[in-house]
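Asks:
In this note's numbering, the protein residues as written are 1 to 100.
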């Protein structure tokens, strides 16, 4: 691992922090006035709990956000985005299913 994100050779962060041109990226992500805020964000400490939440969302492919925002996003997309409880569903939850 590297100490700073821009030191990682396969990261676009170097170009974003330095404002240098990059053939793959094309144009700058940030204008000079916003670049300082981006650098401060990179240098800030992120609590371990937030890192774990981000890692979980990345590994599972689930959205990262509050329960309310994920439910709202799911409604807009017409998809269930929250993880369902583990195990079989309880009796009576699906009364219209044929009985075995």
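Built from N, CA and C at the ideal position, the CB exists for glycine as well.
Just so you know, these numbers come straight off a predicted model, no measurement behind them.
Would a C-beta distance cut-off of 8 Å place residue 40 and residue 54 closer than the cut-off?
Replies: No, Cβ-Cβ distance for residue 40 and residue 54 is not below 8 Å.
Asks: If you count every other CB in all the chains shown that lies within 10 Å of the CB of residue 16, and 16 or more means buried, which is it?
Replies: When all chains shown are included, residue 16 counts as buried.
Asks: First and last residue of the alpha helix (DSSP H) that includes residue 72?
Replies: Here the alpha helix (DSSP H) through residue 72 covers 67-77.
Asks: Per the DSSP calculation, residue 33 is bridged to which residue(s)?
Replies: The partner list for residue 33 (beta bridge, DSSP) is empty, contrary to what the question assumes.
Asks: Mapping DSSP to helix, strand and coil, what is residue 7?
Replies: Residue 7: helix per DSSP, three-state reduction.
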